[in-house]
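K.L.:
Here you go, one structure.
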Amino acid sequence: MKSIAERFKEFIEEEYLFSPKDKLLLAVSGGVDSVVLCELCFRSGFDFIIAHCNFQLRGKESVRDEIFVKSLAEKYQKEILIKKFETEKYAAENKVSIQVAARELRYIWFNELVNDRSSMVNSKHQILTAHHLDDNIETLLMNFFKGTGIKGLRAMLPHQGKIIRPLLFAKKEELKQFAEENDLHWVEDSSNEADKYARNYIRHKIIPAISEIYPDAINNLADNISRFRDIEILYQQSIEQHKKDLIEKKGNEIHIPILKLKKTSPLQTIVYEIIKDHGFSSPQVEEVISLLESESGKYIHSPTHRIIKNRNWLIIAPNDHLQAENIIIDGVGRWLFADGELSIQKLPAINHQLQTANFSADIDADKVPFPLILRKWKQGDYFYPLGMKKKKKLGRFFIDNKLSKTEKEKIRVLEMNKKIVWILGLRIDDRFKITPQTKDVLKIEVRMT
1 MKSIAERFKE
11 FIEEEYLFSP
21 KDKLLLAVSG
31 GVDSVVLCEL
41 CFRSGFDFII
51 AHCNFQLRGK
61 ESVRDEIFVK
71 SLAEKYQKEI
81 LIKKFETEKY
91 AAENKVSIQV
101 AARELRYIWF
111 NELVNDRSSM
121 VNSKHQILTA
131 HHLDDNIETL
141 LMNFFKGTGI
151 KGLRAMLPHQ
161 GKIIRPLLFA
171 KKEELKQFAE
181 ENDLHWVEDS
191 SNEADKYARN
201 YIRHKIIPAI
211 SEIYPDAINN
221 LADNISRFRD
231 IEILYQQSIE
241 QHKKDLIEKK
251 GNEIHIPILK
261 LKKTSPLQTI
271 VYEIIKDHGF
281 SSPQVEEVIS
291 LLESESGKYI
301 HSPTHRIIKN
311 RNWLIIAPND
321 HLQAENIIID
331 GVGRWLFADG
341 ELSIQKLPAI
351 NHQLQTANFS
361 ADIDADKVPF
371 PLILRKWKQG
381 DYFYPLGMKK
391 KKKLGRFFID
401 NKLSKTEKEK
411 IRVLEMNKKI
421 VWILGLRIDD
431 RFKITPQTKD
441 VLKIEVRMT
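Under my numbering, the residue at position 55 of the sequence shown is numbered 55, and the numbers go up by one with no gaps.
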């Protein structure tokens, strides 16, 4: 059987992780895994610097770990970088767990180091962590239980961005055996024994229980990780092809033809993969699918975007109206858009003085339920000009009114369920005018910049 050192080199070559000439930044906690990583890199002749994170969570233990890692740097005659973190404060301020806080702080620092041209570390350095096979199996199970999909099932990759994990081939017991055989010393983290952390509970309870029923479970899960990596590649290739067929990018918006989307299979998966990059969650997939059969103007939103049903299209637009081409108007108030500002008031019709100014429109409120859509006009749009009973295409209306090409490019319309209510600054639709029966008036004004 090949030694750990031999398998270490083979794994680096097979996964194309880095070359012998590359500069390495080793994340070293002082535990047996990172100690073995240091030893293997040293034996292989790699050029490395040691980086140690002191999260100041375990009192004297944290101080002990820092001192120990300094001694490792002296042993290998390597430079060492140490960073102390206010982990508990960061966790409280960002409303995350201590474990998440430590992970985020760790990688924020590493990225700062490789991007800081003034430091001894730079963009040429690869960041190495000591994650091993047991860590990866635990990650797989945690992701499976959390429901993170195919991407979660392939767990950690040997190479992700600037992060490299060259020990993913080895089990924890193999690393420990190597350390003992080579008289290596390390420190133990007492928090690794606490089952209150999800990873530790899976390590100490779940995996041993599964292994009693399926003795070869660890090896099978390790094989599955490799299979899931291949499956994810095929999955992403298919998703990208579906996106290419469905998505039309228009400025800051994504337009998706509804009829084409409805014929796509598997619909739920494709919808999720399209919307997840815009702040939408998995439970919102059903809401998006419901939009396919809803009336024009309906929408759902995430913290950053809205998905709008507009005629035969779903439009994913930024919530920021200054960036969006299609803006949802869901009530009275003021609405900023790229070219100006729209304001809407609801007033009683009694004693209301009808406005005739181009940049003001008086509409029968009962005939125009919210939401409305503010958008740029497009070819094929038509309306019933005030005072006329026949419909007219906007393109012809603009020609009759002698609008220049530049003027036409700036025209926006206010739409309600596929019907144009007002061509901003020009004319309202006759179907929404005020009549003697009107009870309430929507007074709409626009100010163009």
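Glycine residues also receive a C-beta, built at the ideal position from the N, C-alpha and C atoms.
State whether the stretch 381–389 contacts the stretch 344–355, with contact taken as three or more CB pairs (one from each stretch) at a distance under 8 Å.
P.N.:
Flag = no, the stretch 381–389 and the stretch 344–355 do not touch.
K.L.:
Spatial neighbours of Leu246 within its chain, please: CB distance less than 8 Å, with the 5 preceding and 5 following residues excluded, ordered by chain position.
P.N.:
Contacts found: Ile256, Pro257, Lys260, Leu261, Thr264, Ile270 and Ile274.
K.L.:
For Ile4 and Ile50, which I take to be in contact (beta-carbon distance under 8 Å), what is that distance rounded to the nearest angstrom?
P.N.:
At roughly 20 Å, the Cβ-Cβ gap does not stay under 8 Å, so Ile4 and Ile50 are not in contact.
K.L.:
Does the beta-carbon of Gln126 have 16 or more other beta-carbons within 10 angstroms, so that it is buried, or is it exposed?
P.N.:
That one is buried.
K.L.:
Between which two residues does the alpha helix (DSSP H) carrying Leu141 extend?
P.N.:
Leu141 -> alpha helix (DSSP H) spans Leu133 to Lys146.
K.L.:
When the Cα of Thr435 is compared with those of Lys402, Lys405, Ile420 and Lys367, which residue comes out closest?
P.N.:
The residue with the shortest Cα to Cα distance from Thr435 is Lys367.
K.L.:
Can you tell which of Asp183, Leu221 and Ile307 has the C-alpha that lies nearest to the C-alpha of Leu291?
P.N.:
Cα-wise, what sits closest to Leu291 is Ile307.
K.L.:
When you compare the CB positions of Leu386 and Lys433, do they come within less than 8 Å of one another, or not?
P.N.:
Yes, the Cβ-Cβ distance between Leu386 and Lys433 is below 8 Å.
K.L.:
Kindly list the residues whose CB is nearer than 7 Å to the CB of Arg165, restricted to its own chain and excluding five residues on each side of it in sequence; keep chain order.
P.N.:
Here the set comprises Thr129, His131, Met156 and Pro158.
K.L.:
Could you tell me whether the Cβ atoms of Ala338 and Asn326 are closer together than 8 Å?
P.N.:
Cβ distance not < 8 Å, so Ala338 and Asn326 don't count as in contact.
K.L.:
Using C-beta distances below 6 Å, list every residue in its chain close to Gly331, excluding the 5 sequence neighbours before and after it, in chain order.
P.N.:
Only Phe370 meet the Cβ criterion.
K.L.:
Rounded to a whole number of angstroms, what is the C-alpha to C-alpha distance between Val35 and Ser44?
P.N.:
About 14 Å.
K.L.:
Any idea which residues DSSP pairs Met448 with across the strands?
P.N.:
In DSSP, Met448 forms a bridge with Gly340.
K.L.:
Taking just the CA atoms, how far does Gly279 sit from Leu468?
P.N.:
There is no way to answer for residue 468, as the model of the chain reaches only from 1 to 449.
K.L.:
Taking the C-alpha atoms as reference points, what is the distance between Glu445 and Glu293?
P.N.:
Roughly 32 Å between the two C-alpha positions.
K.L.:
Buried or exposed: where does Phe8 fall if 16 or more other Cβ atoms within 10 Å of its Cβ makes it buried?
P.N.:
Answer is buried; the Cβ neighbour count reaches 16.
K.L.:
Among the candidates Ile233, Lys250 and Leu442, whose CA atom is the shortest distance from the CA of Val421?
P.N.:
Of the candidates Ile233, Lys250 and Leu442, the one whose C-alpha sits nearest the C-alpha of Val421 is Leu442.
K.L.:
As a quick exercise: from Lys60, Cys41 and Ala92, pick the residue whose alpha carbon is nearest that of Leu72.
P.N.:
Ranking the options by Cα distance to Leu72, first place goes to Cys41.
K.L.:
Give the straight-line distance between the Cα atoms of Asn312 and Gly425, rounded to the nearest whole angstrom.
P.N.:
Answer to the nearest angstrom: the Cα atoms are 27 Å apart.
K.L.:
In or out: Met388 buried (at least 16 other Cβ within 10 Å) or exposed?
P.N.:
Met388 should be labelled exposed.
K.L.:
Expressed to the nearest angstrom, what Euclidean distance is found between the alpha-carbon atoms of Arg431 and Asn310?
P.N.:
Distance between the alpha carbons of Arg431 and Asn310: 20 Å.
K.L.:
Would you mind stating whether Lys83 and Phe48 have Cβ atoms separated by less than 8 Å?
P.N.:
Contact: no.
K.L.:
His52 and Val69: beta carbons closer than 8 Å?
P.N.:
Closer than 8 Å, so yes.
K.L.:
So for Trp377, helix, strand or coil by DSSP?
P.N.:
Residue state, collapsed to three classes: coil.
K.L.:
With C-beta atoms as the reference, is Ser211 less than 8 Å away from Ile202?
P.N.:
No.
K.L.:
In angstroms, rounded to a whole number, what distance separates the CA positions of Ile12 and Phe18?
P.N.:
Ile12 and Phe18: Cα-Cα distance of roughly 7 Å.
K.L.:
What residue from Ile373, Lys298, Glu138 and Ala92 has the CA that sits closest to Pro208's CA?
P.N.:
Nearest C-alpha to Pro208: Glu138.
K.L.:
Measuring alpha carbon to alpha carbon, tell me which residue in Glu295, Gln284, Ser97 and Gly297 is nearest Pro303.
P.N.:
Nearest C-alpha to Pro303: Gln284.
K.L.:
For Glu341 and Asp320, I'd like the C-alpha separation in whole angstroms.
P.N.:
When rounded, the distance between both Cα atoms is 13 Å.
K.L.:
With distances taken Cα to Cα, identify the nearest neighbour of Lys439 among Asp364, Arg229 and Lys392.
P.N.:
That would be Asp364, whose Cα lies nearest to the Cα of Lys439.
K.L.:
Note the first and the last residue of the continuous alpha helix (DSSP H) segment covering Arg310.
P.N.:
Strictly speaking, residue 310 in this sequence is Asn, with Arg absent from that position. Premise fails: Asn310 lies in the beta strand (DSSP E), His305 to Asn310, not in any alpha helix (DSSP H).
K.L.:
Among the residues of its own chain, which have a CB less than 7 Å from the CB of Ala198, if the five just before and after it don't count?
P.N.:
Excluding positions up to five away in sequence, the list reads Met142.
K.L.:
Between the alpha carbons of Arg447 and Phe359, how many angstroms are there, rounded?
P.N.:
For Arg447 and Phe359, the distance between alpha carbons rounds to 7 Å.
K.L.:
Let me check one thing: in DSSP terms, what residues is Asp362 bridge-paired to?
P.N.:
In DSSP, Asp362 forms a bridge with Lys443.
K.L.:
Can you tell me whether DSSP reads His185 as helix, strand or coil?
P.N.:
Reduced to three states, the DSSP call for His185 is coil.
K.L.:
Cβ of Lys376 within 8 Å of Cβ of Ile411?
P.N.:
Their beta carbons are under 8 Å apart, which means Lys376 touches Ile411 by this criterion.
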